[in-house]
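Okay, so here's the structure we're looking at.
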Amino acid sequence: MNVRDGLTKPIQNHNSHNKPKGLLASLSERLTKTRASIVGQVQSLVRRHPTFDSEFLDELEAILLQADVGVNTTGQLLSGLSQSLKESGQGKALSGEEVLARLKGEIVTHLGPPEPLAEAAEGPTVIMVVGVNGTGKTTTVGKLCYRFGKLGDQVILGATDTFRAAAIDQLEIWGKRAGARVIRHEEGADPAAVAYDACQAAKARGADYVILDTAGRLHTHVNLMRELEKIKRVVEREIPGAPHEVLLVLDSTSGQNGLSQATTFKEAVEVTGIVLTKLDGTAKGGVVLAIRDSLGIPVKLIGIGEGIEDLRDFNPREFADAIFHDPDRSGCPD
Ligand SMILES: Nc1nc2c(ncn2[C@@H]2O[C@H](COP(=O)(O)OP(=O)(O)OP(=O)(O)O)[C@@H](O)[C@H]2O)c(=O)[nH]1
Ligand SMILES: [Mg+2]
Numbered sequence: 298m299n300v301r302d303g304l305t306k307p308i309q310n311h312n313s314h315n316k317p318k319g320l321l322a323s324l325s326e327r328l329t330k331t332r333a334s335i336v337g338q339v340q341s342l343v344r345r346h347p348t349f350d351s352e353f354l355d356e357l358e359a360i361l362l363q364a365d366v367g368v369n370t371t372g373q374l375l376s377g378l379s380q381s382l383k384e385s386g387q388g389k390a391l392s393g394e395e396v397l398a399r400l401k402g403e404i405v406t407h408l409g410p411p412e413p414l415a416e417a418a419e420g421p422t423v424i425m426v427v428g429v430n431g432t433g434k435t436t437t438v439g440k441l442c443y444r445f446g447k448l449g450d451q452v453i454l455g456a457t458d459t460f461r462a463a464a465i466d467q468l469e470i471w472g473k474r475a476g477a478r479v480i481r482h483e484e485g486a487d488p489a490a491v492a493y494d495a496c497q498a499a500k501a502r503g504a505d506y507v508i509l510d511t512a513g514r515l516h517t518h519v520n521l522m523r524e525l526e527k528i529k530r531v532v533e534r535e536i537p538g539a540p541h542e543v544l545l546v547l548d549s550t551s552g553q554n555g556l557s558q559a560t561t562f563k564e565a566v567e568v569t570g571i572v573l574t575k576l577d578g579t580a581k582g583g584v585v586l587a588i589r590d591s592l593g594i595p596v597k598l599i600g601i602g603e604g605i606e607d608l609r610d611f612n613p614r615e616f617a618d619a620i621f622h623d624p625d626r627s628g629c630p631d
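Everything in the sequence shown is counted per our numbering, starting at 298 for the first residue and increasing by one.
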């Protein structure tokens, strides 16, 4: 379908007066850069070019691509937007608010329903956290552990990053903050042996969760990817149905570049969910839209800061509400 067919509608600007909600406002604040790079730019486009024609679509395409939404996803969003505007607004003037609301609707539809973390039907739920160096794995493990602990669940952390003593100590610090026991071996020990001990400890104590913090590794490093497979095999053997989640942590500041890593991890350890971190510091948050298309793996969690509470379940509607929330006008299109 040619998305530029029959699209010459004047666009007007209107203000809405929806009141922001506390949680929404705080998420929105963390997503300021992404909001500016998508919604801010679209608003400015609507002001500069108040006609929904092919030139408008070209500019909108450039905005989405620059926010790392990705080529395929951008094409799909524009196509859906054009269709929806054609169906609803033939012959009538379209407001800037309406364009934004429909773009938001396309984004929510595209992202699909939220996908919560899996849980074991009985016995401990095992979560493996994997990814390249420095993406935020250990921080995410700490935040998750804190979240489960707050709900009254008992968590065992496995320091399967045995590469550096500092990595083990870093996990100990998170364990203390979150009130969880950390299973650790010496620096340089076999990570699979740590995973084994963590599973044994969880079974012995009747723990609710085992979270394994693995070492950062380049997806191109075959031996290190094998090590990850070995950890997974041990876990599978020790606890039926485990690992219940293999979470790949991607740094959103890498934007589209992060996606190539994901394919190798997916093949090695059957990644079940993505954690997209550092969304608070990037304008490339549009990558969240590209992930499902290019990887077929749901984003389950987002990191929006360095603090222990700065982890949220990824809820597409909430995310869209937050990036389309306009603090200057205290409103966002629904
Ligand atoms: N702003 C921000 N910083 C984050 C977030 N998550 C992690 N970080 C920071 O990213 C840096 C790396 O975090 P780590 O958790 O150590 O990353 P890692 O993946 O465990 O690193 P390696 O174990 O060395 O591979 C730290 O400075 C964290 O505070 C986030 O959501 N937002
Ligand atoms: Mg780490």
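No residue lacks a Cβ here, since even glycine has one placed at the ideal position from N, Cα and C.
**Item:** Residues bridged to I424 [DSSP beta-bridge criterion]
**Value:** DSSP, once it has assigned bridges, lists I508 and E542 as partnering I424.
**Item:** F611 in three-state terms, based on DSSP
**Value:** The three-state reading of DSSP puts F611 in coil, since its state is none of H, G, I, E or B.
**Message:** Quick check: what's the CA-CA separation for N520 versus E567?
**Reply:** Cα to Cα, the separation comes out at about 17 Å.
**Asked** What residues in its chain sit with their C-beta under 8 Å from that of D480, if we drop five residues either side in the sequence?
**Response** For the record, residue 480 in the displayed sequence is Ile; it is not Asp. Contacts found: I453, L454, G455, A456, V491, D494, A495 and A498.
**Whole runs of the beta strand (DSSP E) within the segment 556-616, excluding any shorter than 3 residues** = If we require 3 residues or more, the beta strand (DSSP E) runs fully inside the segment 556-616 come out as 570-574, 596-600 and 608-610.
**Terminal residues of the alpha helix (DSSP H) in which L468 lies** = Taken as a continuous stretch (DSSP letters only), the alpha helix (DSSP H) holding L468 covers A462 to A475.
**Prompt:** Are the segment 538-550 and the segment 559-576 touching by the rule of at least three beta carbon pairs closer than 8 Å?
**Reply:** Because the criterion of three Cβ pairs below 8 Å is met, the segment 538-550 and the segment 559-576 touch.
**Neighbourhood of E403 by C-beta, 6 Å cutoff - its chain only, sequence neighbours within 5 removed** = Closer than 6 Å at Cβ, skipping near neighbours: L374, G377 and L378.
**Request:** State the DSSP-derived secondary structure class of L361, mapped to helix, strand or coil.
**Result:** It is helical.
**Prompt:** Under the three-state reduction of DSSP, which class applies to D258: helix, strand or coil?
**Reply:** A question about residue 258 goes unanswered here, because the residues of the chain that appear run from 298 up to 631.
**Request:** Answer yes if the segment 393-411 comes into contact with the segment 458-476, meaning at least three C-beta pairs across the two stretches below 8 Å, and no otherwise.
**Result:** Using a C-beta cut-off of 8 Å, the segment 458-476 makes no contact with the segment 393-411, since fewer than three inter-stretch Cβ pairs fall below that distance.
**Message:** Tell me the DSSP secondary structure of T348 in three-state form.
**Reply:** T348 falls in the strand class under three-state DSSP.
**Message:** Considering only the alpha carbon of each residue, which of G409, D350, L361 and L362 lies closest to Q380?
**Reply:** Q380 has its Cα closest to that of D350, out of G409, D350, L361 and L362.
**Prompt:** Any heavy atom of ligand 1 closer than 7 Å to the CB of A464?
**Reply:** Yes, ligand 1 has a heavy atom inside 7 Å of this Cβ.
**Item:** Which of helix, strand or coil DSSP assigns to G388
**Value:** Low confidence applies here, because G388 scores a pLDDT of 41, under 50, leaving its location unreliable and the question unanswered by this model.
**Asked** What first and last residue would you give for the beta strand (DSSP E) that runs through L454?
**Response** That run of the beta strand (DSSP E) goes V452 to G455.
**Prompt:** Closest to K581 by CA distance: which of G319, S325, L324 and R332 is it?
**Reply:** For K581, the nearest C-alpha among the options comes from R332.
**Prompt:** Going by alpha carbons, who is nearest to C442 out of F621, E419, D623 and R609?
**Reply:** Considering only alpha carbons, the answer is R609.
**Prompt:** From this set, K440, Q363 and L354, which residue's C-alpha is nearest S334's C-alpha?
**Reply:** Looking at the Cα atoms, Q363 is the closest of the given residues.
**Item:** Residues near A462 by beta carbon distance below 6 Å, same chain, minus five either side
**Value:** Closer than 6 Å at the Cβ level, and outside the excluded window around A462, lie E484.
**Message:** If I follow the unbroken beta strand (DSSP E) through V479, where does it start and stop?
**Reply:** For V479, the uninterrupted beta strand (DSSP E) run begins and ends at R478 to I480, by DSSP.
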